[in-house]
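Enquirer:
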Amino acid sequence: MPKLEIIVARDAGYCFGVRDAVNVAFEAAEEGGAVYMLGDIVHNEQVVQDLASAGAKVIQSIAETPKGAPVLFRAHGTPVDIWESAGQKNVRIIDATCPLVREIHTEVRKLAEAGRQVIIIGDHGHDEVVGIASQVEDPIIISTPEEAGELRKMRRAGVVSQSTQMIENVQAIINVLMTKVYDLHFVNTICFPTKRNHEQIKELALEVDIMLVIGSFTSANSKRLTQLALERNPNSYQVTCGAEVQPEWFVGVSKVGISAGASTPDYLIAEVRNAVEEISAGAEA
Ligand code: SF4
Numbered sequence: 072m073p074k075l076e077i078i079v080a081r082d083a084g085y086c087f088g089v090r091d092a093v094n095v096a097f098e099a100a101e102e103g104g105a106v107y108m109l110g111d112i113v114h115n116e117q118v119v120q121d122l123a124s125a126g127a128k129v130i131q132s133i134a135e136t137p138k139g140a141p142v143l144f145r146a147h148g149t150p151v152d153i154w155e156s157a158g159q160k161n162v163r164i165i166d167a168t169c170p171l172v173r174e175i176h177t178e179v180r181k182l183a184e185a186g187r188q189v190i191i192i193g194d195h196g197h198d199e200v201v202g203i204a205s206q207v208e209d210p211i212i213i214s215t216p217e218e219a220g221e222l223r224k225m226r227r228a229g230v231v232s233q234s235t236q237m238i239e240n241v242q243a244i245i246n247v248l249m250t251k252v253y254d255l256h257f258v259n260t261i262c263f264p265t266k267r268n269h270e271q272i273k274e275l276a277l278e279v280d281i282m283l284v285i286g287s288f289t290s291a292n293s294k295r296l297t298q299l300a301l302e303r304n305p306n307s308y309q310v311t312c313g314a315e316v317q318p319e320w321f322v323g324v325s326k327v328g329i330s331a332g333a334s335t336p337d338y339l340i341a342e343v344r345n346a347v348e349e350i351s352a353g354a355e356a
């Protein structure tokens, strides 16, 4: 096997929203000895473990927070009722909501104020979608064109999407909504780091002999990247760390593409790259 050429997608891994939130969480834990979070900060087990060792504590409700302790609100946003209960409990809120998620909150509120039925394109139950939905009354959440097909006809609707949706899914849903809604206003709220990451993996997967996507299987964002890679290159694999990279995948391969979901830290990208380099060096020896 010749030496492997490795291409890492330019913007693989942490988006700025997640990077900032994780940094803030580490700083808060170091300063105060503990920081509380409602659920995991990102969908990545290693990051969650690292933060737990630094003093981050996951809680299920604001009521569990000791008085005056810092509570970190995560990058993908926090529902309105939790903001209210945090205000009542008088805890110290560290707001790490991504500015692009905040923009989606503003957009849905504007759509509702304009008298439109709000429709959110996103994964049911996903924290970001729950946070967006909490901004307005009775929003409709749809995740597939089939679900859009089941909607009643309506006169005025406003649509936003979860920040990490695939443009193809959103377009397919909008096509269906055009047959259902007379006056349809769509605000494209897929965030620019997601758009960039998706575009890069679409190109890279076609260029290489094998595509590796690094990310937790609990991360919808990483699974979407894997899906985009697989659609273009059947020799694509999702891994969570370097140890999962299998030498037999590289038979007859000369070019390797690597990308990673928005919740994957830099050290895991470096670890997978090293694993591929070791396979390359072993094959040359
Ligand atoms: S995926 Fe986009 S919206 Fe979500 S945290 Fe990252 S930059 Fe912000």
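72 is the number of the first residue of the sequence shown in our numbering; add one for each residue after it. Just so you know, even glycine gets a beta-carbon here, dropped at the ideal spot from N, CA and C.
1) At what residue ranges does the region 109-193 contain a whole run of the alpha helix (DSSP H), taking only runs of 4 or more?
2) Measuring only from the beta carbon, is A80 closer than 7 Å to any heavy atom that is part of the ligand SF4?
3) So which of C312, E218 and I191 has the shortest CA-CA distance to D209?
4) Buried or exposed for R295, going by 16 or more other Cβ atoms inside 10 Å?
5) Jot down the residue ranges of each uninterrupted beta strand (DSSP E) in the region 204-283, minimum 3 residues, whole runs only, in chain order.
6) Given 7 Å as the limit, tell me if V118 has its C-beta closer than that to any heavy atom belonging to the ligand SF4.
7) Assuming the contact rule is C-beta atoms closer than 8 Å, I175 and I203 should be a hit. Round their C-beta distance to whole Å, please.
8) Within the same chain, show all residues whose beta-carbon is closer than 6 Å to that of P264, passing over the 5 residues directly before and after it, in chain order.
9) Please check the pair V284 and Q309, which I expect to be a contact at CB under 8 Å, by giving their CB distance rounded to whole angstroms.
10) Identify every residue that forms a DSSP beta bridge with A80.
11) Considering only C-alpha positions, which residue in the set G84, I78 and E76 is nearest to P336?
12) If we count Cβ pairs, one from each stretch, closer than 8 Å, do we get three or more for the region 132-145 versus the region 154-173?
13) Quick one, which of A92, G103 and E101 has its alpha-carbon nearest D111's?
14) With respect to the beta strand (DSSP E) encompassing S325, which residues constitute its N-terminal and C-terminal limits?
Expert: The short version:
1) Entirely contained in the region 109-193, the alpha helix (DSSP H) runs reaching 4 residues are, in chain order, 116-125, 151-160 and 170-184.
2) Taking the Cβ of A80 as the reference point, every heavy atom of the ligand SF4 lies at 7 Å or farther away.
3) Considering only alpha carbons, the answer is I191.
4) Label assigned to R295: buried.
5) With a minimum length of 3 residues, the unbroken runs of beta strand (DSSP E) contained wholly in the region 204-283 fall at 211-213, 225-232 and 252-257.
6) The ligand SF4 never approaches V118 closely enough for any of its heavy atoms to be under 7 Å from the residue's Cβ.
7) Their Cβ separation, rounded to whole angstroms, is 5 Å, which keeps I175 and I203 in contact under 8 Å.
8) Excluding positions up to five away in sequence, the list reads C86.
9) The pair is a contact, with the Cβ atoms about 5 Å apart (cut-off 8 Å).
10) According to DSSP, A80 bridges with nothing at all.
11) Comparing Cα positions, the closest option is G84.
12) The answer is yes - the region 154-173 touches the region 132-145, with three or more Cβ pairs under 8 Å.
13) Answer by Cα proximity: A92.
14) Premise fails: S325 is in no beta strand (DSSP E) and is neither H nor E.
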